[in-house]
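Participant:
In the UniProt record's numbering, the protein residues as written are 1 to 345.
1) Taking C-beta to C-beta, are residue 141 and residue 38 nearer than 8 Å?
2) Please list the segments of the beta strand (DSSP E) lying wholly inside the UniProt domain "Phage head morphogenesis" (214-324), counting only runs of 3 or more residues, in order along the chain.
3) Helix, strand or coil: how does DSSP classify residue 185 here?
4) Applying the 10 Å Cβ sphere with the 16-neighbour rule, what's the burial state of residue 195?
5) Going by the DSSP bridge assignment, what does residue 328 pair with across the sheet?
6) If we call anything under 8 Å between Cβ atoms a contact, is residue 222 one with residue 274?
7) Given this structure, state the Cα-to-Cα distance separating residue 298 from residue 283, to the nearest angstrom.
8) Work out the CA separation of residue 288 and residue 331 for me, nearest whole Å.
9) Give me, in chain order, the residues of the same chain whose beta-carbon lies closer than 7 Å to that of residue 125; leave out the 5 immediate sequence neighbours on both sides.
10) Ignore the nearest five residues each way along the sequence and tell me which others in residue 258's own chain have a CB closer than 8 Å to its CB.
11) With a threshold of 8 Å, are at least 3 pairs of Cβ atoms found where one atom belongs to the segment 150-168 and the other to the segment 53-68?
12) Helix, strand or coil: how does DSSP classify residue 35 here?
13) For residue 199, count neighbouring Cβ atoms within 10 angstroms of its own Cβ and tell me buried if that reaches 16, exposed if not.
14) Quick one: measure Cβ to Cβ for residue 95 and residue 256, integer angstroms, because I've assumed they're closer than 8 Å.
15) How big is the Cα-Cα spacing for residue 116 and residue 206?
16) Taking DSSP's pairing of strands, which residues face residue 157 in a bridge?
17) Cutting at 8 Å between CB atoms, please list the residues of its own chain near residue 186, excluding the five before and the five after it.
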């Protein structure tokens, strides 16, 4: 399986697991409890009533584990069949239960879930405070956050649960602009790539009439904007987390071979490969084709260093949405000669 095929298999799985987690969180919310706590001015209590615990994302952690395991197996599967001087085959294996591999996976999983839940609580707090500050009643404010139930499906739609706090900020700004009645501010709605274009005529008509978008119409427009941004959020999170899992596992898989004495670090280089299209960021186009030692790092033109594409230690600007991968170049002739001489000595 190629690296692109790995991405094509596991990225959608992580995105689906994220959507499932958000749906389960929304379906478990008792609106009455959230509203009652907001009426008492207890914002922390309202957030607690939404049950944004790490355990809600267990299916996402399972999907991440599967991607990590597949990445390691894929890396050793690319290594060629070799024979020892005594005729025995060199067996390449990746151990997902290896203590180092387990520690890497645990760190990836914990960081992912902590980031999601912490960001959620900050963003939701911000949305609740802004809603109440602009004079919306507690019930309306709560519905804007948790979403409104579709009478046909019974599922909650819209709402900000699952969105990043930055997405929540710009959607709130879009809502304020549309409700302002200012043609210049309202016109900014058309700059949003994630808007539902079916509402374009409605918004344009309001601008021409010099009227704000309010009431049920505004609720529907912003609700669809939230839904499309949630879909985007899931896709971007899945791409980034899948890349980190695959990249980390592939690097660890090669290090396990070194640790087992099947190859030595001095015989291994890692070569950067970009996705090769016009969506590749400039810094990664520059890195394409560069090779460094297994224990060395790639130096990005941005100044950042990366051990491999998707390196979780690298700045988010270097890994978000990345589709690059590392190929391991092993000097098998040198490695074979060294093993032969060691056995002959």
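We treat Cβ as the ideally placed atom computed from N, Cα and C, and that holds for glycine. Note that the structure is a prediction, hence the values are computed from the model and not measured.
Facilitator: Based on what the coordinates show:
1) yes
2) 268-273 and 291-293
3) helix
4) buried
5) 270
6) no
7) 11 Å
8) 20 Å
9) 43 and 47
10) 264, 265, 268 and 294
11) no
12) helix
13) buried
14) 6 Å
15) 37 Å
16) 148
17) 177, 178, 180, 203, 206, 207, 212 and 213
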